[in-house]
Each structure stands twice: as structure tokens, then as C-alpha cells.
Amino acid sequence: MEWETVIGLEIHTQLATKSKIFSGAPTAYGAAPNTQACAVDLGLPGVLPVLNEEAVHKAVIFGMAIEAEIAPYSVFARKNYFYPDLPKGYQISQMELPIVGKGHLEIEVDGVSKRIGITRAHLEEDAGKSLHEDFHGLTGIDLNRAGTPLLEIVSEPDMRSAKEAVAYMKQLHELVRYLDICDGNMQEGSFRCDANVSVRPKGQNEFGTRAEIKNINSFKFVEKAINYEIERQIELIENGGKVVQETRLYDSVKDETRSMRSKEEANDYRYFPDPDLLPVFISEDYKAVIKAQLPELPQAKKHRFKDQYALDEENAAILTYSCQLADYFETALKESGCEAKLCANWITGELSAALNKAGLEIMDSPVSSERLAGLLARIRDKTISGKIAKQVFEEMWQSTATADEIIAAKGLKQITDTGAIELIIDKIIAGNPGQVEQYRSGKDKVFAFFVGQVMKEMQGKANPGEVNKMLKAKLKR
Amino acid sequence: MHNKTIIQLAQGLRSGEFSSVELTQAFLKRIKRHQKLNTYITISEDSALRNAKAADVRLANGNPELLTGIPIAQKDIFCTEGVKTTCGSKMLDNFIAPYNATVVENFNQAGAVLLGKLNMDEFAMGSSNETSYYGPVKNPWDMNTVPGGSSGGSASAVAARLAVAATGTDTGGSIRQPAALCGITGLKPTYGRVSRYGMIAYASSLDQGGPMTRSVEDAAIMLQTMAGFDEKDSTSVDLPVPDYSAGLNNSIAGLKIGLPKEFFGDGLNSDVAAALETAVNEYRKLGAEIREIAMPNLNLAIPAYYVIAPAECSANLSRFDGVRYGYRCENPADLTDLYTRSRGEGFGKEVKRRILMGTYALSAGYYDAYYIKAQKIRRLISEDFKNALAQVDVVMGPVSPTTAFGIGEKIGNPIEMYLSDIYTIAINLAGVPAISIPAGFVKDKPVGLQIIGNYFAEDRLLNIAHRYQQVTDWHLQPPKGFE
């Protein structure tokens, strides 16, 4: 039988606010345990939550970016359950009236684009952390993370493969960073995913029973976990079994999912509106201001890069993966006045490789877009060749000097003086009669040997176009 | 000294008749002498004397406020930095808050002297002060009767002159009913008028702090310090605070008073009804016009309240889990054991009853039938008040169906106990302000008159109540043995 997979994702994005969603405590990551938690975060008797307007602002930005309905009136609710790192015994979240309603996101898989529905996105507070190591059989509680603002983005069950799920997750990851509402740091848990996975016989309308895989924190693991789960479910059904609705955990070491709790064991969260918080009202004016300030979104930017700069799909996709990279490209292009393709190749090639090697992000690049533009300008006006440029780039990476300063200091200026080049060419032809013979008898490959010899003799500074032209003339058969 | 009003004491402090330290010492002495009333859970003698000394300096330096140097007491539901805050529960018997409630902070800023923390029903759940972990409070008018609840310690202490004034909180009548049963003045302000920050939550959408005093004049002064917007409480309302003392003597001629017939039917003790009739007559003499009105949904208040309040409390009290503070059971075997025994041993019977009721009402499959329905009723009741207050200026009625009942009389029968708040609960559901003032005696026990006003019309309520106190002396009479 042929099977179809149905996947929906719930993604928790940590909103990049300075303070927590309901208190003034900072959200900074990595501080000593319980140093970033105030009386409100600790759930002391008598304390009350006060909503951080910045979290609402960021949620609305997201909603506008996915063309969603923004609720004119949304309500916070209490989700009740006991856990040691949940200080109040309930999490403040949103249930019936989330701030962001139906929206959508375009993804592209193998060149085919597809619209994925987004059911809703709601604001909630994060819990603390239970620390099981270092406490000799006891558990430590760190409430630094408690109260950190989250936007939980729930998709429709619109994805049909792990590949689509990953494409959706990547697209969303790119979007929240473009919008500057989330730092996207997956290692620190700023972007976490729960996947709902089910299978059904191809052609069947009803969904199969789904399993929810909790807390997967990398693109690679999402793909692996979903593929494992698809295999597990198909195998189970084909062997006469039934999928049960349950929550499962993905073990990345064993590359398998394991049952965590069944539907029967699931909590009844007893949601009800939080009487400590007022409803949130979003006006048309508020939305209009945000809409006017929305940056160009990744998809639109990619298409523009392809149209405006005649870039191929791959380069356009890489350059628009982050807003910073795209800005870097556009600045370098404008300052250098060079061809878009040359600029793109340099950024996706030389620069990206150097950044990767050093483990740096584009915004921390030692070579700024203006400095790179200086180098590209010298390639454009043929002061140096592409090969010499790589050498100059290496120097620039190590220092703060401009391309011009390095070219001058090292005497790397390209030689276009035909007289000087001719002298060398004559010398090489005279010194290699065998090769000249070979070339003249029709061995085209030998031509590269002559170019190499001339360039070597001239320390790479000769204008390659000139060398080619003159060599061809001299070696004329 | 202990019979003087706040204004008289403030004058005495300024004229040098007595110092704040002397005044504080006098009250501390009375508190100790009358410990059998069991009004205080904590007497903060050392800090009280320290603060009195500071108040005397402030008085001498010439920048005092009206309450500077005046000894008051806080219901033990308000968090006080450095002084134990128990909420009447074993669960918090060891809890010292690291911060002050906004109300406490306001009194500290004013220079008031905190004598200590007053007994109360556990987590403010009760109408007799018998659910306190620290034992029942006695009513100074009759030591065999209850003072009412949940602010029973506050009412008894003020009636017995063990504090000049006190704070209380009112979720379904917890200021007004004990005020009535102890013959004092108690005001529940409009929901949102007084900050709830640092006031341990019972039912967040109903809880409201307010003053408990011997006179309306003192209540106006206390409310002045308590009221106001607080950015730490999203449900507090950002409206200007009027001068509550300024209009106390305004004429009330032409005042339209509504008497809902639902307040005067079966269930109201006939002697109490007679006393209220006399009180209403007094208002007629002051020039008020009396009308009978209908508030058809009032009879739904108790069932709606006993869904909404327990539902909210079931979540509010989840934080008491033995993990971070408060009571923790001995040698927990595992996490479940830690939770179940800490909560099982730390909470009393009534608290557990309400947590269970609330958990049930919010459960899947019951939510619509209980919680949603109760919220609909709540809106109907609010409509009743809006309609009534469109026709009349204030609504008057009883506070409690009877005078103070015997200790042990109702504690075994929760339904009967819940019915003792039948006239007060609807006010909390609607959120309007109401005051209880002494309006006579039945068999030597005080009777309270309830006056209910429009949203944020506390000044008007105080004015109407004060005019009555100018022509009556019920509020001036001390209980025997506490003169």
C-alpha cells in the first residue's frame, strides 16, 4: 500500500525582548542559576504579572508578516499543571483567543513552491529548568528562564514529508530573524519544535492517529525524528497494529522516538482566562504602524535579487538567508560598482568560507562590506586579477588595511604594459621549443602551460586577458 | 487614648500630648491584655517601637502625614517585608516575604506604625474566622460568638480597640460581614481601586482590600492611603483618587435610596430587619427618598460565586507546592509524595474543599456547564446593579442575615456558612463598592447596614455613611470590658 504522511509543526520562538513577558527581570541567557528571576518569576505569594508591551509588539509584527488575522481582542489564560520548574503551578498562555490567527508561509522544495497554513500563534511564558546533574540524586531548579516570552506558532497539518517540514521550519527560522523578533539560536533553545506526525493510505481523506514528538532542537533532528516516526507508524499498521495518540521523545543518540505519555495520561490543563491580566486590544492604527515598518521579507527579497541582479536561484537563496548577509551584499555591490555576479560569488565563496572556518557570523566579519567593495573595485578596473585578489583578501582578513593599501605595499598591481609582457612571452617561447612544437601540431592543452609559465615569471601580476591575446598571436600556427 | 479617632490622635501627636512611642506602647499593652480574643497572629513589637520612634522624629521635623505615628494593623494576607505573613495557614507558618505589598508600602510611606498581623480565615476562605490555622478569633461583644470572616481578626481588633484601624480584604463579604458582626465600619472599595500587589490572592477577580475602622471619618483617611493606581497590578484602575474626607459633611437631602425586595425576604432575621428599618427611617429624616427596587438575579449570586471563586483559587493556590517556600512535608519519597503530602498537610479542610470544587468546575467536560455559566450569571448580576444604580443613587440592605453566631455553630455545615454571605457576595461579582456601618443592636449584638454605590463612588458612599454616624451613636459604643 502507498502511504501519505501528514505533518503539522508547533514551533516555540523565544521573543528577543530585554525583560520577561510578565516581569522586569532580564532575559539574558547563561547567567548563574536563579540570578535573573525576581519575585514575580519565583511565583511568590501576592505577586502579579504585568504584560511586557514589547512581547505583544513582536507577536503582531510576526502576524503581519505572515498576513495573519490579528485578534482585535485577545486573552491570556492559565494552563494548570504541577511541575517543579513551573513556579505558579500554572503557565500563563493563550487558549481561546490567541493574538495571531490564521496566516500562511510559502516554502520551496525541489523548486516547487507550496503554501503552508499557519493556524495561530500565541504568546506565553517559558518555564524554568530542572537540573539533574551535580545534585547527588536531587534536582536543582533554575528559574532564570521562567517568564521568558515565547510565541508558539502552530501550523496546519499541511506538510507531506520530512523535507517539507524542514523547509517550513527553515523558512520560519529565517523569517523570525529577518523580523528581528527572535535570535533563532537553536542551541540555547530560542527556536524549538514539536512535530505532529501521522500517516494514512494515499487517497484517504481522514487523518490517521497522530503522535506528537516533543522538543526537537535542530533541523537535522527534525528530519530524522519525523522519518523515523513515519517508518515506525507504517510498519506498525502494516503488521496489524494501531497507532495510539501519544507524546513521544526523540533520542538523537539512538535515532529513535520513544513513548513519553499516552493520551490517557495526558494532563487536563483546565484552561481558564487569567483574572490577573486584562485582555489585549490591538487597534487598526497599531497594525498600520507596524505594517509600514515591516522589512522586506525573505521570499520577496530573494525574488528581487533574482530579478534585479540577475542572480541564479542558489546565490539568491544563500544571500537572502539572513537579512545581514543580504545587506552586506547590497552594500558591497553598490560601493564597488562591480558586476552582481562577481560580488555574489565573492560573498558566497571566499568570504563565506573564511567566516565558516573562523566560526563567525556575517555581522562579526573582520572584512566589512565597504572593505570588500574596495577589493572588488580593483578587480573591476583590472588593477588586479582574481587570483591576486584572493591573496589581497587574505591580507585584509588579518589586518585593517584597505585593498588599495595592500596592493600598493606589496606591489601587486597588474602589469598591462604589453612591452613587458612581450619580453617574457618571447623568453618562454624560446626556452620551450618542444611545447611550441606540440601546440603547433594541434595539442590545445599545451596553451595553458604557456599561460602558467608567463604568469609564474611575472608573479601573477600580468593581465591574464593580455597574456592570452599576445600568446595566441605569437604561437600562431 | 484608644477611643480617639485618627484625627484626634494626630492632633495629640502634634500638640505633644503624647508621643507615637507612648501611643504604640499603650496599644501593645492592650493587645497583650486581650490576647484571649486571638486577634493577632504576629505582634511586631520591636519593629513597631522602632517605627514609632522614627515617626516621632518625623513629627518633630515637621513633615508628617496624617497617619504618621498612628498604630494600625494589617490583615495577615498582606505581605510585609521582614514580618511573617501566614495568610492564616500552616502552609505559610514559616513564610517571611522579601517584599512589601503596595498597601503596606503606602502605609509605611505615610509613617503609620504597624502593630502586627491580624488573624483571618485560612487564605481568606471562611465567614467566621474558624478556618484559621491559628485558632478562632472571638467577638468582643460576646466571647462565645464568632467575629465573622474572613477579616475576623481585623474586625475584632478594631472593635476591641487593639488597633486604631486595620486593613481587611473582601472577596465575598470578608470586610463587611465581620464589620457588621463586630459593630465597626468596613468599606469594600470598587474592584481595581486598591492595589492587589502583595495581597495573597484567593479569587483574583473578586479580591479587594479596604479599611476597617470605628468610624466613617477614619475609613476615609485609611482609604486615602490605600487607594490609587499601581503599575504592578494590571487590574488596578488609573483614575484620580478624590479627597475622601472633603465631602463627608455634604447634605444628602434628595438622595434616592433603593431597597431591593430580594434583600428583605425570607432568611433575614426579623429583629435584624426591624433594626434596618429604623436605620432607613433615619435616612428619610435626613431628606432621602426611599424606593423599593427589583434585582431579580441576586438569588443566583451564591451559586455563581461558589464556582468562580473556587475556580480561581484552585489555580492561585497551586504555587503552594512545597518546592520553593512554605510548608514542606518531612522526608518526601518522590515528587508526587512531596506535592500530595505538603499540600495535604499544609492546607486546612475548607481550603481543600474549595480547591477541589474549583478543580472540578474547570475540568474538561464541566467547564461550560459551570465556569462559563457562572460568568454569564455574573454579567446578569452586574446588569442588575447597573439598572438599579441608574434609578437610585445607592442601594441599601442587610450585611448579614443574623447577628454574630456561636463559635462551632455553623462550621460543620458549609452550605449554611456560605449563606451567611448571601447579601454581600453579589457586590463582589458586580465589582461595585459597598460599606457596612453599625445600625443598632439585637440582643446586645451589633447589626450592620450595607450601603452599595456606583463604580468609583467611594466618596459618595463615605458621605452618606458619615451623615448617618453624625445622627447616631451606634459606632461609638465599645463592647463591654473593652471601654
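Protein chains in written order, with the numbering used here: chain A, 1406 to 1882; chain B, 143 to 625.
Note that beta-carbon positions come from the ideal geometry of N, C-alpha and C, so glycine has one too.
| Which runs of the beta strand (DSSP E) spanning at least 3 residues fall entirely within the segment 236-303 of chain B, listed in chain order? | 255-260
| query | Contact between the segment 1497-1507 of chain A and the segment 1479-1489 of chain A: three or more CB pairs below 8 angstroms? | reply | yes
| query | With a cut-off of 8 angstroms, does the C-beta of residue 523 of chain B fall near any C-beta of chain A? | reply | no
| task | Identify which residue in B:333, B:200 and B:374 has its Cα closest to the Cα of residue 155 of chain B. | result | B:200
| request: Name, please, each residue of chain A whose Cβ falls closer than 7 angstroms to the Cβ of residue 374 of chain B. | output: 1453 and 1455
| task | Identify the contact partners of residue 463 of chain B in chain A, using a Cβ-Cβ distance below 7 angstroms as the criterion. | result | 1487 and 1494
| query | If you draw a straight line from the C-alpha of residue 600 of chain B to the C-alpha of residue 1419 of chain A, how long is it? | reply | 44 angstroms
| said: Between which two residues does the beta strand (DSSP E) holding residue 1598 of chain A run? | reply: 1596-1606
| task | Grab me the residues of residue 428 of chain B's own chain with a C-beta within less than 8 angstroms of its C-beta, minus the 5 sequence neighbours each way, in chain order. | result | 394, 395, 397, 609, 610 and 613
| Cross-strand partners of residue 1482 of chain A (DSSP beta bridge) | A:1498 and A:1678
| request: Would you kindly work out how many angstroms separate the C-alpha atoms of residue 1723 of chain A and residue 1752 of chain A, rounded to a whole number? | output: 10 angstroms
| Contacts around residue 1442 of chain A, its chain only, beta-carbon distance under 8 angstroms, and the 5 residues preceding and following it disregarded | 1430, 1533, 1548, 1549, 1551 and 1552
| query | Within the 8 angstroms Cβ cut-off, does residue 1745 of chain A reach chain B? | reply | no
| field | Beta-bridge pairing of residue 316 of chain B - partner residues as DSSP gives them | value | According to DSSP, which records beta bridges pairwise, residue 316 of chain B is partnered with nothing at all.
| query | Where residue 1413 of chain A and residue 1663 of chain A are concerned, what is the direct C-alpha to C-alpha distance, given to the nearest angstrom? | reply | 19 angstroms
| Cβ of residue 315 of chain B within 7 angstroms of any heavy atom in the ligand PLP? | Looking at this structure, you won't find the ligand PLP or any other ligand, since it has none at all.
| field | 8 angstroms Cβ cutoff, residue 600 of chain B in contact with chain A | value | no
| query | Who are the near neighbours of residue 258 of chain B in its chain, counting only those whose CB is closer than 6 angstroms to its CB and skipping five residues on each side? | reply | 182, 184, 185, 186 and 215
| message | When you compare the CB positions of residue 1495 of chain A and residue 1672 of chain A, do they come within less than 8 angstroms of one another, or not? | response | no
| query | Which bits of chain A does residue 340 of chain B rub up against, with CB to CB less than 7 angstroms? | reply | 1451
| said: Can you tell me whether residue 1775 of chain A is helix, strand or coil according to DSSP? | reply: helix
| Between the CA atoms of residue 516 of chain B and residue 385 of chain B - distance to the nearest angstrom | 36 angstroms
| said: Relative to the C-alpha of residue 1792 of chain A, which candidate in A:1679, A:1424, A:1755 and A:1848 has its C-alpha closest? | reply: A:1755
| message | Checking 8 angstroms against the spacing of the C-beta atoms, do residue 334 of chain B and residue 379 of chain B come in under that value? | response | yes
| task | Count the C-beta pairs between the segment 1695-1715 of chain A and the segment 1456-1466 of chain A that are closer than 8 angstroms, then say yes if the count reaches three, no if not. | result | yes
| Going by Cα to Cα distance, which pick from B:306, B:617, B:264 and B:221 is closest to residue 152 of chain B? | B:306
| Hey, is residue 607 of chain B's beta-carbon within less than 8 angstroms of any beta-carbon in chain A? | no
| message | Checking 8 angstroms against the spacing of the C-beta atoms, do residue 1767 of chain A and residue 1760 of chain A come in under that value? | response | yes
| task | Could you please tell me which residues of the segment 1672-1695 of chain A, in chain order, have their CB closer than 7 angstroms to any CB of chain B? | result | 1673, 1675, 1677, 1680, 1681, 1682 and 1683
| query | Between residue 1612 of chain A and residue 1562 of chain A, is the Cβ-Cβ spacing less than 8 angstroms? | reply | yes
| query | Whose C-beta lies closer than 8 angstroms to the C-beta of residue 1829 of chain A among residues of the same chain, with five residues either side of it excluded? | reply | 1859, 1862, 1863 and 1867
| In terms of residue numbering, what span does the alpha helix (DSSP H) encompassing residue 1591 of chain A cover? | Neither: residue 1591 of chain A is in no alpha helix (DSSP H) and is coded neither H nor E.
| request: Step through the CB atoms of chain A and report whether any lies within less than 8 angstroms of the CB of residue 333 of chain B. | output: no
| task | Could you tell me whether the segment 504-511 of chain B touches the segment 558-574 of chain B, using the rule of 3 or more Cβ pairs below 8 angstroms? | result | no
| query | Just curious, the alpha helix (DSSP H) that residue 1789 of chain A is in, first and last residue? | reply | Here residue 1789 of chain A belongs to no alpha helix (DSSP H), and DSSP marks it neither H nor E.
| message | Can you tell me whether residue 564 of chain B is buried or exposed? The criterion is at least 16 other CB atoms within 10 Å of its CB, across all chains shown. | response | buried
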